[in-house]
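Asks:
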Amino acid sequence: MKSGYRLFFVCLVLAAFILLLNFTTNFSNKLNYAHYKGSIVSSTTAKSSFDTTVDQEVVICVVACGDRLDESLTMLKSALVFTRRPIRFIVIADDSLIPAFNEKLSAWKNLSNKTFDFLVKPVTFPEHSDVTMWRKLFKPCAAQRLFLPTVLENIDAVLYVDTDTLFLAPPEKVWDEFTKMNSSQLAALSPEHEDPNTGWYNRFAKHPYYGKLGVNSGVMLMNLTRMREFRWTNYVIPIHKEYRLKITWGDQDIINIIFHYRPEKLYIYPCRYNYRPDHCMYMSVCTEAEKYGALVLHGSRGTFHSQKQPPFKAVYRAMQEYQLDTDPFDNLLIPMRNYLALEDRSNCGKVWRVFIIQPELHLDPNI
Numbered sequence: 273m274k275s276g277y278r279l280f281f282v283c284l285v286l287a288a289f290i291l292l293l294n295f296t297t298n299f300s301n302k303l304n305y306a307h308y309k310g311s312i313v314s315s316t317t318a319k320s321s322f323d324t325t326v327d328q329e330v331v332i333c334v335v336a337c338g339d340r341l342d343e344s345l346t347m348l349k350s351a352l353v354f355t356r357r358p359i360r361f362i363v364i365a366d367d368s369l370i371p372a373f374n375e376k377l378s379a380w381k382n383l384s385n386k387t388f389d390f391l392v393k394p395v396t397f398p399e400h401s402d403v404t405m406w407r408k409l410f411k412p413c414a415a416q417r418l419f420l421p422t423v424l425e426n427i428d429a430v431l432y433v434d435t436d437t438l439f440l441a442p443p444e445k446v447w448d449e450f451t452k453m454n455s456s457q458l459a460a461l462s463p464e465h466e467d468p469n470t471g472w473y474n475r476f477a478k479h480p481y482y483g484k485l486g487v488n489s490g491v492m493l494m495n496l497t498r499m500r501e502f503r504w505t506n507y508v509i510p511i512h513k514e515y516r517l518k519i520t521w522g523d524q525d526i527i528n529i530i531f532h533y534r535p536e537k538l539y540i541y542p543c544r545y546n547y548r549p550d551h552c553m554y555m556s557v558c559t560e561a562e563k564y565g566a567l568v569l570h571g572s573r574g575t576f577h578s579q580k581q582p583p584f585k586a587v588y589r590a591m592q593e594y595q596l597d598t599d600p601f602d603n604l605l606i607p608m609r610n611y612l613a614l615e616d617r618s619n620c621g622k623v624w625r626v627f628i629i630q631p632e633l634h635l636d637p638n639i
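Going from the sequence shown to the working numbering is simple: count from 1 and add 272.
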């Protein structure tokens, strides 16, 4: 009789163990495969640890491949010109570009009176993935940004910017938007468009996208800690596999798809945080920038290097020519004003004050 009870008890324990194992396996599979369509269990996010202080370090990340060395350095220079806080640069680059970045940034540390550190790392994509495909998705290496939560596993947060951007104000003005994010939000972006009549996503996209007009990923605050908790990188490859024949703008489209399904995870900041030709090439649609000036200029589609919209090229030229160890009023602001004053009948030229309000505010001692 006792042996019968023992057998029954053993069977009961074994059955309970099998049920527990099955539950654990199923729960794990749900986490791994339910991904972006909302059936994934919401991850718990920690309360924001961003308390603005005068000395808080700003961390700027850029990915540079191919011919983007000079453009990237000009962007980094613009951050140094305007920052009033300690700053750290994280540069992820082709192996062939790493020595040049190390040389120039080391030289700047000796020249500049600004406090900054830097780290230069090689481009890396996940093991067992199609590395060649990821490298060529949209622009060379642009897809690296999708994997930053794992590539920068010991970094809490970054301000990611495309190489074709320039700071026109202290980068901490963007960085401090972290403090406005709620406990669920893990990234910040600006809208892709302001006007539905000229919007790309609402007129042409064949895949899901965020909100009514989509978002532009060129200036992106990334709370990497929260993104890791959210299992961000687990979404990327399945989404690309499902939508690879429908996406046009590569990594930006993947980001739009993720936030289409999880909009509560995204914080939106205004167009002046990512001011592009789209905001003025047809008509001026970023009214906040007209009033207060652009904080970050984004010369998308090669605008810094062409005559399509001369104000973008004028500002880039002034920053590119500026030497860090010289007076920024005489050698940056004055040339910038002069280049902007050249005859320009473009639509962006009609709102040229957008490009100079912030530089004047921070570089002109008389203002």
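C-beta atoms are modelled at their ideal positions from N, C-alpha and C, and glycine is treated no differently.
Secondary structure at residue 308, three-state DSSP: helix, strand or coil?
Replies: For this step, residue 308 is matched to residue 36 along the sequence shown. Here residue 308 scores only 45 on pLDDT, less than 50, and its place in the model should not be relied on; the value that follows carries that caveat. Helix at residue 308.
Asks: For residue 520, count neighbouring C-beta atoms within 10 Å of its own C-beta (all shown protein chains included) and say buried if the count is 16 or more, exposed if not.
Replies: For the purposes of this step, residue 520 is taken as residue 248 along the sequence shown, with counting starting at 1. Per the 10 Å Cβ criterion, exposed.
Asks: Please determine, among 337, 339, 354, the residue with the shortest C-alpha to C-alpha distance to residue 438.
Replies: Here the question's residue 438 lines up with position 166 in the sequence shown. When each option's Cα is compared against that of residue 438, the closest is 354.
Asks: Quick check: what's the CA-CA separation for residue 559 versus residue 549?
Replies: By one-based count along the sequence shown, residue 559 stands at place 287. By one-based count along the sequence shown, residue 549 stands at place 277. In a straight line, the C-alpha of residue 559 is about 14 Å away from that of residue 549.
Asks: Are the CB atoms of residue 531 and residue 583 within a distance shorter than 8 Å?
Replies: As a first step, residue 583 is located in the sequence shown; it is residue number 311 there, counting from the start. As a first step, residue 531 is located in the sequence shown; it is residue number 259 there, counting from the start. Not closer than 8 Å, so no.
Asks: Are residue 490 and residue 448 close, meaning C-beta to C-beta below 8 Å?
Replies: As a first step, residue 490 is located in the sequence shown; it is residue number 218 there, counting from the start. As a first step, residue 448 is located in the sequence shown; it is residue number 176 there, counting from the start. No; because the gap between Cβ atoms is not below 8 Å, this pair is not in contact.
Asks: Hey, residue 397 and residue 377: beta-carbon distance below 8 Å or not?
Replies: By one-based count along the sequence shown, residue 397 stands at place 125. By one-based count along the sequence shown, residue 377 stands at place 105. No, these two residues do not count as a Cβ contact at 8 Å.
Asks: Alpha carbons only, please: which of 390, 524, 587 is nearest the one belonging to residue 415?
Replies: As a first step, residue 415 must be located in the sequence shown, where it is residue number 143. Ranking 390, 524, 587 by Cα distance to residue 415 puts 524 first.
Asks: By DSSP, does residue 548 sit in helix, in strand, or in coil?
Replies: Stepping through the sequence shown from its first residue, residue 548 is reached at position 276. If DSSP states are grouped into helix, strand and coil, residue 548 belongs with coil.
Asks: I need the DSSP call for residue 476, collapsed to helix, strand or coil.
Replies: Your numbering for residue 476 matches position 204 in the sequence shown. Helix.
Asks: Would the segment 614 to 629 and the segment 540 to 556 be scored as touching if the rule is three or more Cβ pairs under 8 Å?
Replies: Result yes; three or more Cβ-Cβ pairs closer than 8 Å.
Asks: Rank 348, 540, 440 by C-alpha distance to the C-alpha of residue 483 and give the top, closest one.
Replies: For the purposes of this step, residue 483 is taken as the residue at position 211 of the sequence shown. Of the listed residues, the one whose Cα sits closest to residue 483 is 540.
Asks: Quick check on DSSP: helix, strand or coil for residue 619?
Replies: Residue 619 sits at position 347 when you count from the first residue of the sequence shown. Note: residue 619 maps to coil in three-state DSSP.
Asks: Return yes when at least one heavy atom of the ligand MG lies under 7 Å from the C-beta of residue 570, else no.
Replies: As for the ligand MG, it is missing from this structure, which has no ligand bound.
Asks: Alpha carbon to alpha carbon, how far is residue 609 from residue 625? Give it in angstroms, no decimals.
Replies: Taking the sequence shown and counting its residues from 1, one reaches residue 625 at position 353. Taking the sequence shown and counting its residues from 1, one reaches residue 609 at position 337. Looking at the two C-alpha atoms, the distance is approximately 10 Å.
Asks: Could you give the first and the last residue of the continuous alpha helix (DSSP H) run that contains residue 588?
Replies: What you label residue 588 is simply residue 316 of the sequence shown in a count that begins at 1. Unbroken alpha helix (DSSP H) run through residue 588: 582 to 593.
Asks: Report the option in 566, 505, 522, 589 whose CA atom is closest to the CA atom of residue 477.
Replies: Indexing the sequence shown from 1 puts residue 477 at position 205. Selected option, being the one with the closest Cα: 522.
Asks: Answer with buried or exposed for residue 369, where buried requires no fewer than 16 other C-beta atoms within 10 angstroms of its C-beta.
Replies: Against the sequence shown, residue 369 aligns to sequence position 97. The residue is buried, with at least 16 neighbouring Cβ atoms inside 10 Å.
Asks: How is the alpha helix (DSSP H) around residue 561 delimited, first residue to last?
Replies: Position 289 of the sequence shown, counting from 1, holds the residue named residue 561. Counting along the chain, the alpha helix (DSSP H) containing residue 561 begins and ends at 559 to 564.
Asks: For residue 383, which residues from the same chain have a beta carbon less than 6 Å from its beta carbon, with the 5 sequence-adjacent residues on both sides left out?
Replies: One-based indexing of the sequence shown puts residue 383 at position 111. So the qualifying residues of the chain are 596, 597.
Asks: Mapping DSSP to helix, strand and coil, what is residue 273?
Replies: Working through the sequence shown from its first residue, we reach residue 273 at position 1. Low confidence applies to residue 273: its pLDDT is 47, below 50, so where it sits in the model is not reliable enough to give any reading.
Asks: Suppose you measure from the CA of residue 452 to the CA of residue 537; what does that come to, to the nearest Å?
Replies: For the purposes of this step, residue 452 is taken as residue 180 along the sequence shown, with counting starting at 1. For the purposes of this step, residue 537 is taken as residue 265 along the sequence shown, with counting starting at 1. The straight-line gap from Cα to Cα measures roughly 13 Å.
Asks: Rank 603, 612, 379 by C-alpha distance to the C-alpha of residue 579 and give the top, closest one.
Replies: Within the sequence shown, residue 579 is the residue found at index 307, counting from 1. It is 612.
Asks: Using a 10 Å radius around the Cβ and a threshold of 16 neighbouring Cβ atoms, would you call residue 639 buried or exposed?
Replies: Taking the first residue of the sequence shown as 1, we reach residue 639 at position 367. It is exposed - the Cβ of residue 639 has fewer than 16 other Cβ atoms within 10 Å.
Asks: How many whole angstroms separate the CB atoms of residue 431 and residue 331, which I take to be in contact at a CB cut-off of 8 Å?
Replies: In the sequence shown, counting from the first residue as 1, residue 431 sits at position 159. In the sequence shown, counting from the first residue as 1, residue 331 sits at position 59. Residue 431 to residue 331, Cβ: 7 Å. Contact.
Asks: Give a yes or no on whether the C-beta atoms belonging to residue 479 and residue 518 are separated by under 8 Å.
Replies: Counting from one through the sequence shown, the residue named residue 479 turns up at place 207. Counting from one through the sequence shown, the residue named residue 518 turns up at place 246. In this structure, residue 518 lies closer than 8 Å to residue 479 by Cβ.
Asks: What is the rounded straight-line gap between the Cα of residue 493 and the Cα of residue 637?
Replies: Position 221 of the sequence shown, counted from the first residue, corresponds to residue 493. Position 365 of the sequence shown, counted from the first residue, corresponds to residue 637. Answer to the nearest angstrom: the Cα atoms are 30 Å apart.
Asks: Please name the residue, chosen from 427, 334, 375, 436, that lies closest to residue 585 on a Cα-to-Cα basis.
Replies: Along the sequence shown, read from residue 1 onward, the residue named residue 585 stands at position 313. Nearest C-alpha to residue 585: 436.
Asks: Residue 528 lies in the alpha helix (DSSP H); which residues open and close that run?
Replies: On the sequence shown, residue 528 is found 256 positions in, with the first residue counted as 1. Run containing residue 528: 523 to 533, per the alpha helix (DSSP H) assignment.
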